[in-house]
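Basically our numbering = 1-based index in the sequence shown + 429. I have placed the structure first, in the form of structure tokens, so that the comments after it can refer back to it.
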Amino acid sequence: MDRTHPNPAQDLSAAYQADPIAEILQVLRQGERFLVCSHSRPDGDAVGSMLAVGMMLEQMGKRADLVSADRIPATYRWLPGAGAIRSALRVHGPYDAVILLECDGLERTRLRGLEKFFLINIDHHVSGRPFAQLNWIDCQVASVGEMVHRLALAAGATVTPEMAACLYTTVLTDTGGFCYGATRASTFALARDLVLAGADPVRIAQNVYYSTSTARILLLGAALSNLKREGRLAWLWVTHQDMVLTCAAEEDCEGIVNYAVCISGVEVAVFLRELPEQRIRLSLRGKGKVNVAAIAERLGGGGHESAAGCTLEGPLPRAIDEILAELRQSVAGFAADPH
Ligand SMILES: [Mn+2]
């Protein structure tokens, strides 16, 4: 493919590149101004990866605009450079390319105006799709930050303490504190490299896990009071009224599902949140035997094998029935629950 004149209408048949890092670097080196974005409701991997890509481009002498449809959650606002991420719903400007992190399609960004640009897709979800002109999808890595780290090294960039902190945060949060299935020896090797480069693991863990808002704990209480258990399944939910009464923000729901999946004997858990317009947002977690991404994809969502999400029509009891029907099937083959 000829990269000297990036053209958004290029044939996607060559979507999977033989050497995606080299292809991406070629586009970055030829351009001057880039847009970096990720999915809406950004998590630690989205924010940390965006910031690290921005730092890498800056070192390459390029201009990078970082844009997110939703504001950065308080949990990640302390990250170096996070204040430079702009909130917007439409993007403008002459960009030589747009770098999309952790998105299986443009709609995940909830940003308008991206279609006309040359798109670079960097993702590690099993639901990843080659929708862009350049696609680098690696489902083996624990975080997109790990891919960004590889890209930065290939670009000859220096991993500064600031970049190391951003990348360490992507690894820490996307592995659930080095717990999820994608945690490998290479994950710890990367974590070690990043600590050597100046990331402070204690400070980062405290910022991520020990800086919780009161509203979030009150919301957690509401969710736990709705906890239900059936064999290998557990589920819990919050209503829109719970959100209002506890003054909780959307980001305060992050991680609540983990309290259900951590129960001994539970294989799959789901957290349901009633949205104001009666739709229901679901977070699914598995312990490894059930591919929750496949379930989420069947229902219009996506994610990882052990962590995925989707949105269903309300009301809440209907959404609970719908997901339980799926989940009961998924655990039907397991031996009787001893707990
Ligand atoms: Mn990720």
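Backbone N, C-alpha and C fix where the C-beta goes; we use that ideal spot for every residue, glycine too. As the structure is a computational prediction, the values presented were derived from the model and not from experiment.
For Val573, is the beta carbon positioned less than 7 angstroms from some heavy atom of ligand 1?
As a first step, residue 573 is located in the sequence shown; it is residue number 144 there, counting from the start. Result yes, Cβ under 7 angstroms from ligand 1.
Same chain, Cβ closer than 6 angstroms to Gly557, five either side skipped, listed in chain order
In the sequence shown, counting from the first residue as 1, residue 557 sits at position 128. If we look at Gly557 and ignore the five residues flanking it on each side, its Cβ neighbours are Asp533 and Ile566.
Spatial distance of Ala722 from His669 (CA atoms)
Position 293 of the sequence shown holds residue 722. Position 240 of the sequence shown holds residue 669. Distance between the alpha carbons of Ala722 and His669: 25 angstroms.
What does Glu703 pair with, by DSSP beta-bridge criteria?
Start at 1 with the first residue of the sequence shown, and residue 703 comes out as number 274. Note: Glu703 sits in a beta bridge opposite Ile709.
Looking at ligand 1, does it come within less than 7 angstroms of Asp499, judged from the CB to the closest heavy atom?
To locate residue 499, count along the sequence shown from 1; it is residue 70. Flag unset: Cβ of Asp499 not near ligand 1.
Counting beta carbon pairs with one atom in the stretch 482-495 and one in the stretch 577-597, are three or more of them shorter than 8 angstroms?
yes
State the Cα-Cα distance for the pair Leu623 and Glu703, rounded to the nearest angstrom.
Within the sequence shown, numbered from 1, the residue matching residue 623 stands at position 194. Within the sequence shown, numbered from 1, the residue matching residue 703 stands at position 274. The alpha-carbon atoms of Leu623 and Glu703 are separated by roughly 39 angstroms.
Could you tell me which of Arg708, Glu706 and Gly732 sits nearest to Gly715, measuring between CA atoms?
By 1-based counting over the sequence shown, the position of residue 715 is 286. The candidate whose alpha carbon is nearest that of Gly715 is Gly732.
For Asp494, write down the residues that DSSP places opposite it in a beta bridge.
Along the sequence shown, one-based indexing puts residue 494 at 65. Beta-bridge pairing links Asp494 to Leu464.
Any contact between the stretch 486-500 and the stretch 608-620? By contact I mean 3 or more CB pairs, one from each, below 8 angstroms.
no
Name the one or two DSSP bridge partners that Ile566 has.
Here the question's residue 566 lines up with position 137 in the sequence shown. Answer by DSSP bridge pairing, in chain order: Asp552.
Could you check the C-alpha separation between Asn655 and Trp666 for me, to the nearest Å?
One-based indexing of the sequence shown puts residue 655 at position 226. One-based indexing of the sequence shown puts residue 666 at position 237. About 6 angstroms.
On the three-state DSSP scale, how would you describe Ala611?
Looking up residue 611 in the sequence shown gives position 182. In the structure shown, Ala611 adopts coil according to DSSP, grouped into three states.
Would you say Leu508 and Leu480 are within 8 angstroms of each other, going by their C-beta atoms?
For the purposes of this step, residue 508 is taken as the residue at position 79 of the sequence shown. For the purposes of this step, residue 480 is taken as the residue at position 51 of the sequence shown. Yes, they are a contact pair.
Taking the alpha carbon of Leu464 as the point to measure from, which residue in Leu543, Gly510 and Arg506 has its own alpha carbon closest?
Taking the first residue of the sequence shown as 1, we reach residue 464 at position 35. Ranking the options by Cα distance to Leu464, first place goes to Leu543.
Do Leu649 and Ile685 have their CB atoms nearer than 8 angstroms?
As a first step, residue 649 is located in the sequence shown; it is residue number 220 there, counting from the start. As a first step, residue 685 is located in the sequence shown; it is residue number 256 there, counting from the start. Against a cut-off of 8 angstroms, the Cβ pair of Ile685 and Leu649 comes out as a contact.
Spatial distance of Gln758 from Gly585 (CA atoms):
Residue numbering aside, residue 758 sits at position 329 when the sequence shown is read from its first letter. Residue numbering aside, residue 585 sits at position 156 when the sequence shown is read from its first letter. Near 49 angstroms, if we compare the C-alpha coordinates of Gly585 and Gln758.
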